[in-house]
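Taken in order, the sequence shown gives residues 1332 to 1684; the numbers are from the working numbering.
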Amino acid sequence: MKNNIFILLYHKILPRWGFDVAVSTFDWEMKLIKQFFNVITLDDVYEYISTGKTPDKPSVVITFDDGYVDNFVYAYPILKKYGLKATIFPITSRINKEETVRHTLEDYWSGKVSKRELIKPQDFYGANYTFLKEGKSDDFLTIEELNKMKDVFEIGGHAEIHAKVFHEDTIVDFYDGKNGHWSNIYAYGKSDDFSQMEEPKIGYPLFPDRNNLAVRRGFLKEKVKDFINSIEDCFFKQKNWKEELKKELYSRFDSFLEFETQEHREKRLREELIRSKKDLEEMIGEKIRHFAYPFGHYDELLVKITSEIFDTAYTVEKGIVSPEMDFHRLPRMTIAKDFISFLSKIIKGTFSK
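The structure is reproduced here in structure tokens:
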């Protein structure tokens, strides 16, 4: 075994087997980590890279992205049970401002509540779409819950918007009511914040998309929207309507997206990162040193600005942490829902050169 450092990335912990890691699987994984690895924090990672030192045994960092309430209800008690530390990167806009504290596994273990009384998490689409649509989703943590977790979790930044936007003027598909990312309500909007979002209409073109911080944003032109909105509903019942609409749009328009300037993009990035960091620091009363790129997306400009604001930043690229690495392009291994996949990543992380 090599004394490597590798960082694990979780999102949601579910009460039973489903679309992400089940609580029983997570318990097994933490038990294994407790037995064979040294669990460290991102502050420790920064120290190791800064000094060039290596840990005296294989070391793991446990991280969670987005700030879902199931991290508090299910993951937090299990981490406490095994005496493990972790890091959570909540999206500041998603954090609920009320003082509500939901029941956790600890309440179930002590007999205070039944399993039925513990929250049932939404999927990623439901949680995030609900927030964008209603301005609030109970599937995310409250400030009170986030602060209660500080005995186990260090807290890092994960931006404010956390939505994908269009960045390339090439039609890749059309919205048909069943496809598209939950971010589309933001991507089709007219502003940088959440004030002018727009539900996609059947027939709206889809373009390559990425995290709003990682690209120069393109807005779908109003004249393109107007043309699509003028089409009769019966057109979209044809079998080949997507092919026909694509031909028509390319014949009518030279371009479909209107892009922000590079200057506006840089200003937007800097303002969002600084604002989200400040807001999070005010919520928890601590300095925020570490950042996780939303969706793992980044480019040179985002890395540059992030490096001016945070000590470290984390991607979703596979790999182990080594002393020569860029502080603001550090890798993390995304953990799938099955235990075999977890074991595979642990073995690779432990024995990688």
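Each residue gets a CB set at the ideal place from its N, CA and C atoms; glycine is no exception.
> What's the C-alpha gap between TYR1629 and TRP1348?
Replying inline: 32 Å
>> Using 9 Å as the threshold, is the C-beta distance between ILE1615 and LYS1608 below it?
In response: no
>> Just to confirm the assignment, what range does the alpha helix (DSSP H) spanning GLY1457 have?
In response: 1455 to 1465 is the extent of the alpha helix (DSSP H) around GLY1457.
> To the nearest angstrom, how far is it from the Cα of ARG1596 to the Cα of VAL1546?
Replying inline: 8 Å
> Looking only at C-alpha atoms, which of ASP1397, TYR1439 and LEU1410 sits nearest to ILE1426?
Replying inline: ASP1397
> Once you ignore the five residues that flank LEU1406 on each side, which residues in its own chain have a CB closer than 6 Å to its CB?
Replying inline: Here residue 1406 is Ala; the residue named in the question, Leu, does not match the sequence. Residues ILE1344 of the same chain have their beta carbon placed closer than 6 Å to that of ALA1406, with the five preceding and five following residues left out of the count.
>> Which complete beta strand (DSSP E) runs does the segment 1342 to 1427 hold, if anything under 3 residues is left out?
In response: 1390 to 1397 and 1417 to 1421
> Under the three-state reduction of DSSP, which class applies to PHE1626: helix, strand or coil?
Replying inline: helix
> First and last residue of the alpha helix (DSSP H) that includes ASP1557?
Replying inline: For ASP1557, the enclosing alpha helix (DSSP H) has its first and last residue at 1553 to 1560.
> How long is the line joining the alpha carbons of LYS1365 and LEU1415, rounded to whole angstroms?
Replying inline: 7 Å
> Quick one: what's GLU1589 bridged to in DSSP?
Replying inline: Looking at the DSSP output, GLU1589 sits in a beta bridge with PHE1550.
> Is the distance from the Cβ of ILE1409 to the Cβ of MET1361 below 9 Å?
Replying inline: yes
>> Give the list of continuous alpha helix (DSSP H) stretches no shorter than 4 residues that lie fully inside the segment 1611 to 1683.
In response: 1631 to 1640 and 1670 to 1682
>> Beta-carbon within less than 6 Å of PHE1673's beta-carbon, same chain only, minus the 5 sequence neighbours each way: which residues are those?
In response: So the list reads GLU1360 and ILE1666, once near-sequence residues are dropped.
>> Looking at ASN1334: is its Cβ nearer than 9 Å to the Cβ of THR1385?
In response: yes
> The beta strand (DSSP E) spanning ASP1564 covers which residue range?
Replying inline: Careful: ASP1564 lies outside any beta strand (DSSP E) and carries neither H nor E.
>> Once DSSP output is grouped into helix, strand and coil, what is the label at ARG1433?
In response: coil
> So, is GLN1453 buried or exposed, given that buried needs 16 or more other C-beta atoms within 10 angstroms?
Replying inline: buried
> What is the DSSP secondary structure of ASP1438, counted as helix, strand or coil?
Replying inline: helix
>> Alpha carbons only, please: which of ASN1543, THR1473, GLY1511 and VAL1352 is nearest the one belonging to GLY1534?
In response: GLY1511
> Taking all protein chains shown into account, do 16 or more other C-beta atoms lie within 10 angstroms of the C-beta of GLY1488, making it buried, or fewer, making it exposed?
Replying inline: So GLY1488 ends up on the buried side.
> In the DSSP assignment, what are the bridge partners of LEU1537?
Replying inline: DSSP output for LEU1537 lists ASP1504 as bridge partner(s).
> Where does ILE1450 sit, in a helix, a strand or coil, going by DSSP?
Replying inline: It is coil, neither helix nor strand.
> In terms of DSSP beta bridges, what is ASN1542 paired with?
Replying inline: LYS1495
>> Rounding to the nearest angstrom, what Cα-Cα distance links SER1653 and LYS1481 in this structure?
In response: 27 Å
>> Taking only three categories from DSSP, how would you classify GLU1485?
In response: strand
> Taking just the CA atoms, how far does ALA1458 sit from ASP1469?
Replying inline: 8 Å
> When the Cα of GLY1549 is compared with those of LEU1588, SER1390, ARG1541 and ARG1660, which residue comes out closest?
Replying inline: LEU1588
> The alpha helix (DSSP H) with SER1582 in it runs from where to where?
Replying inline: In the DSSP assignment, SER1582 falls within the unbroken alpha helix (DSSP H) covering 1572 to 1583.
>> Can you check which of these residues, PHE1368, TYR1379 and VAL1352, is closest to THR1643 by C-alpha distance?
In response: For THR1643, the nearest C-alpha among the options comes from TYR1379.
> What's the gap between the Cα of TYR1399 and the Cα of PHE1505?
Replying inline: 30 Å
>> Mapping the DSSP letters down to three states, classify LEU1340 as helix, strand or coil.
In response: Here LEU1340 sits in strand by DSSP.
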